[in-house]
Structures are given as structure tokens and as C-alpha cells.
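Structure first, commentary second.
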Amino acid sequence: MKVKTTKITNFYGLELKEATFKNKEFPDHFHDSFSIGIITEGVEKIRISENEQIAFSNSVIIFNQFETHSNQNFDKDNCSFLTSYIHQDILHFICKKQNIPIPNRLEFHNLIYDDKLCKSLINFHNNELQDKNLQLENIVTYLLTTQLKNNKTQHSQSIDGKIDTIRSFIHENLYEKLSLSNISEKFKIDKFRLIRQFKSSTGLTPLNYIIMHRLDKSKTMIQQKMPLVEVALECGFYDQSCFTKFFNKYYGISPYNYSKNYFETTF
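Per the numbering used here: the sequence shown = residues 30 to 296.
Dropping the structure here:
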């Protein structure tokens, strides 16, 4: 197992990750940015909205912002990949610069086989590349002009409105002792109905949604070099071993090893 994360501090918090896993399965989760990765070795199985796909070496995998997905090694061999975590602000910035109309909802195709794109992504992760700003702009422009989905999915406004209210409540109380019981009592909804409707809207159960956002906050605090015990408590994990277990489950690395393999640089 190998995971190295580098944040580009002068470019909207862009993160670059280099990782190798063996016999690893990541459960349903999401990212608060667009995850654009290329498999450099091995085969991976991905699942998005109950749709399973097999991604081979030299394929590009894109997980859209807040798109719930799971992924795992397809076999017992190593799976290595390079991933860029790109915030929506970067996409909007490049859209405006290139005079590309910004759609109401930015959503890319998830699995792409494109030799030109693969080569560009590998070069982008190469430290010897001279102009990373220009390279990233070219990659994003290419994706925006060739790989956007024409998404017309409709959801029930009444259900989504209620779930949005519940999500707001969760975010306002994210680091408190939240449970299915107190959420269902607060909004006068049956626990099982809450789980079903919440997962239909977000792709996650309420408790997994809470855990993911707490973990996302914990990553930021670890990047700021805060003590791990303090990070766990501040993020609502009152048991250090529980925090470590969930962090490793969703990120494939312990909080301690993440802190030792996290770096910052500029373009």
C-alpha cells in the first residue's frame, strides 16, 4: 500500500494523489471536488448508482463532485493510479477564460478510454513538466468540450426539499452526537423511511453521510498539522480507534500515515 498526497496551495486547493492498493475495497463515499484519475497498473471495479463497470489500465475514471460511488481492486494484483482532485471553482475559472458556457450542473462521463487524455494526465503528474497551469487548463478544456453528460434526471421536489432540510440540520450540528433516533424524532419521520429517502437522494445513509463529512473535515485539520487526538475530538469522533478505523476504511490509509505522506507545494 502506498499513498502520497500533494496539495497545490496557490491553485484553488488542487490535490494530486499517487496511490497503490492491493485487495482494497472502498465503500460508498463521495468527494467534495471532481476526482479525475488514471489507472497506471491493474484493474478496478467501480460502482455508481448501482451501475458497475470495469476499468482497465490506462483508463480515465472521473467521479463527479458529491457523486456517491464505491471502488475496489478487481483481482488480487496491485492497482495503481494517479488522481487529481479539482474543485468546481477551477472548472468555472477555466470556463470563463475559454468562453465555454457553464452548464447548470457540471457532470462528466465516468469511464473514458482516450490515449491523448491519458498521456496528458500522466504528464501533468510528472514533476518535470514546465507549465502545469497550462497543462491543467488544456486537460480541463478538453473534458469540458468532449466529456460532459447531458443529464436530465429529475427528482421529486417534495422529497428532495425535505432531505435538503435534514442535510442542513446535519451540517449545523455535524460535530454533535447525532443519531438516527434524534434526527427522525426532530423531523417526525420513521427511521427506515428516513434511511430510504436520504439514500435515494444522496446515495448514502444519514450516518454514512455524517461520517464522510466529519472525515473530510479531519483531513483539512491533519493538513494543518493539528494533533490527531484533537482532530478526532473536534470532528465528533469520541473514540480514537473509531476515528482511525473509519479514516482507513474510506481513505485506505491511517490518519498518522496520511499526515506523514501529505505535502504542499506551488506551481
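Where a beta carbon is used, it is the ideal one built from N, C-alpha and C, also for glycine.
Helix, strand or coil, according to DSSP, for residue i in the structure here?
i, result
"SER219", "The question names Ser, but residue 219 is Asp in the sequence shown. In this structure, ASP219 counts as coil in the three-state DSSP scheme."
"CYS264", "coil"
"ILE83", "strand"
"LEU207", "coil"
"PHE40", "coil"
"THR34", "strand"
"ASP104", "coil"
"VAL72", "coil"
"GLY232", "coil"
"THR112", "strand"
"GLY281", "coil"
"GLU47", "strand"
"HIS200", "helix"
"PHE59", "coil"
"THR97", "coil"
"THR294", "strand"
Ordered along the chain, which non-local residues of its own chain (more than five positions away) have a Cβ less than 7 Å from that of residue i?
i, result
"LYS31", "ALA48 and THR49"
Residue j and residue i - do their beta-carbons sit closer together than 7 Å?
i, j, result
"SER64", "PHE85", "no"
"LYS161", "PHE296", "yes"
"GLY66", "PHE110", "yes"
"SER99", "PHE55", "yes"
"LYS46", "THR34", "yes"
"THR97", "ASP57", "yes"
"THR231", "ILE224", "no"
"CYS264", "SER247", "yes"
"CYS108", "GLU73", "yes"
"SER213", "LYS206", "no"
"THR170", "GLN117", "no"
"SER283", "ASN290", "no"
"LEU244", "TYR279", "yes"
"LYS53", "GLY281", "yes"
Using only alpha-carbon positions, find the residue among the options that is nearest to residue i.
i, options, result
"HIS200", "ASN133, LYS148, MET241 and ILE151", "MET241"
"ASP106", "GLU70, LYS126, THR175 and GLN82", "GLU70"
"ILE115", "ILE282, VAL260, LEU43 and HIS154", "LEU43"
"GLN176", "SER197, ILE212, GLU136 and LEU207", "GLU136"
"LYS145", "PHE216, LEU172, GLY281 and ILE83", "LEU172"
"HIS138", "GLN253, LEU203, ILE90 and LEU262", "ILE90"
"PHE40", "GLU166, ASN211, GLN94 and ALA261", "GLU166"
"ILE129", "LYS148, THR174, CYS147 and GLN94", "THR174"
"TYR204", "MET250, LEU262, TYR285 and SER210", "LEU262"
"SER229", "LYS51, HIS60, GLU79 and ASP61", "GLU79"
"ILE123", "TYR142, ILE168, HIS154 and ILE141", "ILE168"
In its own chain, which residues sit with a C-beta less than 6 Å from the C-beta of residue i, not counting the 5 before and 5 after it?
i, result
"LEU150", "ILE67"
"PHE266", "PHE272"
Considering only residues of the same chain and omitting the five flanking positions on each side of residue i, which have a CB-CB separation below 8 Å?
i, result
"PHE227", "ILE192, ILE195, LEU233, THR234, PRO235 and TYR238"
"ASN133", "none"
"HIS121", "ILE131"
For chain B, find out if any of its Cβ atoms is closer than 7 Å to the Cβ of residue i; answer yes or no.
i, result
"LYS289", "In summary, chain B is missing from the structure at hand, where a single protein chain is found."
Go through the stretch 127-177 residue by residue and report every complete run of the alpha helix (DSSP H) that reaches 4 residues or more, in order.
144-154 and 161-175
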